[in-house]
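Read the structure below first, then the notes.
Numbering (our numbering), first residue to last: -4 to 304.
Here it is, written out as structure tokens:
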């Protein structure tokens, strides 16, 4: 649809498509995200897509990306169990982001592992790589092999956008502490022959200029033992942190489900915390990261090509 814009100060006219106007709204240009969800609403928003449909149909690809931005999570089914599948999926959007763990990485139990993700024990809720100033944003987890136990290896997700908004409304002073007090996040290690020593300092909850949550830092193993704040502020911070931890793990907020081999779970690593229950046999996931800038870019191109307003 095309509308005519008249500029009264000059008397000139210009024809502009509504798609162009929509593309340049403040919501679009700021990449505003999301509708929060709880455990109760999770079954309704946990949309499932067919892998082949995303690969072959641009409209399905656009719908998937739109849903991912809105709710922070979506599931892709029937992708098979071949390693490297997430690279093919990523190329439908752009490309994966390389980190110290490589272009992709494998989440499986390893003897002598120091990283909690590489153990068979329960993996507590967390975000990946909070110790990076430029934290990975979109996380892909492809289930290659699932535990054969009736119970074990289930995935957990909590929407921190929902938790943060609820806490801001009910406990504004505690929320403000988590928003304003900077915390040290760190990780030291070696992976695939590459040594790293990463440190970043930022609050648990980070907001944009409009007061909206743009990033959450949450990973107990990566919270540094150095906490450089005034001694008189320590108790109040731990009180606020304790409340946030409780709400993140609250069954009313935390979704529990089980991946099937061939599933690809995709979610916003800056918004959702994830974890899993313990297992006693084998379980293998292949993971990878992508930036939101690439997803938004691809969506703009798709909207133009498909004439979607």
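From the three backbone atoms N, C-alpha and C, an ideal C-beta is built for every residue, glycine too. Being a predicted model, the structure only gives us computed values, none of them experimental.
Proximity to residue i [Cα-Cα], best of the options
i: residue 116; options: 304, 295 and 272; result: 272
i: residue 32; options: 63, 122 and 133; result: 63
i: residue 184; options: 43, 170, 193 and 251; result: 193
i: residue 139; options: 93, 102, 67 and 174; result: 102
i: residue 248; options: 129, 230, 162 and 205; result: 162
i: residue 37; options: -1, 299 and 153; result: 153
i: residue 285; options: -1, 215, 42 and 60; result: 60
i: residue 44; options: 128, 87, 69 and -1; result: 69
i: residue 262; options: 41, 9, -1 and 34; result: 41
i: residue 91; options: 250, 289, 197 and 209; result: 289
i: residue 191; options: 86, 281 and 126; result: 126
i: residue 74; options: 240, 255 and 158; result: 255
i: residue 197; options: 158, 171 and 177; result: 177
i: residue 47; options: 250, 253 and 259; result: 259
i: residue 89; options: 234, 295 and 304; result: 295
i: residue 250; options: 164, 304 and 39; result: 39
i: residue 206; options: 188, 287 and 164; result: 164
CB-CB length for residue i against residue j, believed under 8 Å
i: residue 51; j: residue 257; result: Actually they are not in contact, since the Cβ atoms of residue 51 and residue 257 sit about 17 Å apart, beyond 8 Å.
i: residue 150; j: residue 244; result: Not a contact, Cβ separation roughly 14 Å.
i: residue 182; j: residue 217; result: 5 Å
i: residue 34; j: residue 292; result: At roughly 33 Å, the Cβ-Cβ gap does not stay under 8 Å, so residue 34 and residue 292 are not in contact.
i: residue 213; j: residue 179; result: Actually they are not in contact, since the Cβ atoms of residue 213 and residue 179 sit about 14 Å apart, beyond 8 Å.
i: residue 57; j: residue 298; result: 7 Å
i: residue 276; j: residue 144; result: 6 Å
i: residue 281; j: residue 84; result: With a Cβ gap of about 11 Å, residue 281 and residue 84 do not count as contacting.
Residue i, DSSP secondary structure in three states
i: residue 159; result: helix
i: residue 25; result: Because residue 25 carries a pLDDT of 45, less than 50, the predicted location of this residue cannot be relied on, and no value is offered for it.
i: residue 53; result: helix
i: residue 285; result: strand
i: residue 141; result: coil
i: residue 8; result: strand
i: residue 276; result: coil
i: residue 316; result: For the chain, the structure presents residues -4 to 304; residue 316 sits outside this window and is missing.
i: residue 106; result: Note that residue 106 scores 47 on pLDDT, short of 50, meaning its location in the model is unreliable and no value can be drawn from it.
i: residue 153; result: strand
i: residue 44; result: strand
i: residue 86; result: helix
i: residue 123; result: coil
i: residue 58; result: helix
i: residue 117; result: coil
i: residue 255; result: coil
i: residue 92; result: strand
i: residue 69; result: strand
i: residue 101; result: strand
i: residue 146; result: coil
i: residue 78; result: coil
i: residue 181; result: strand
Contact under 8 Å by Cβ, residue i with residue j
i: residue 99; j: residue 283; result: yes
i: residue 96; j: residue 186; result: yes
i: residue 133; j: residue 264; result: yes
i: residue 94; j: residue 124; result: yes
i: residue 166; j: residue 238; result: yes
i: residue 200; j: residue 156; result: no
i: residue 309; j: residue 224; result: With the chain covering only -4 through 304, there is no way to say anything about residue 309.
i: residue 67; j: residue 274; result: no
i: residue 130; j: residue 209; result: no
i: residue 278; j: residue 141; result: yes
i: residue 29; j: residue 65; result: yes
i: residue 242; j: residue 53; result: no
i: residue 195; j: residue 128; result: yes
i: residue 169; j: residue 234; result: yes
Short CB-CB distance (under 8 Å) between residue i and chain B
i: residue 165; result: Among the protein chains of the structure shown there is no chain B, as only one such chain exists.
Within the segment 188 to 253, note down every full beta strand (DSSP E) run reaching 3 residues or more, in order along the chain.
189 to 197, 200 to 202, 208 to 211 and 249 to 252
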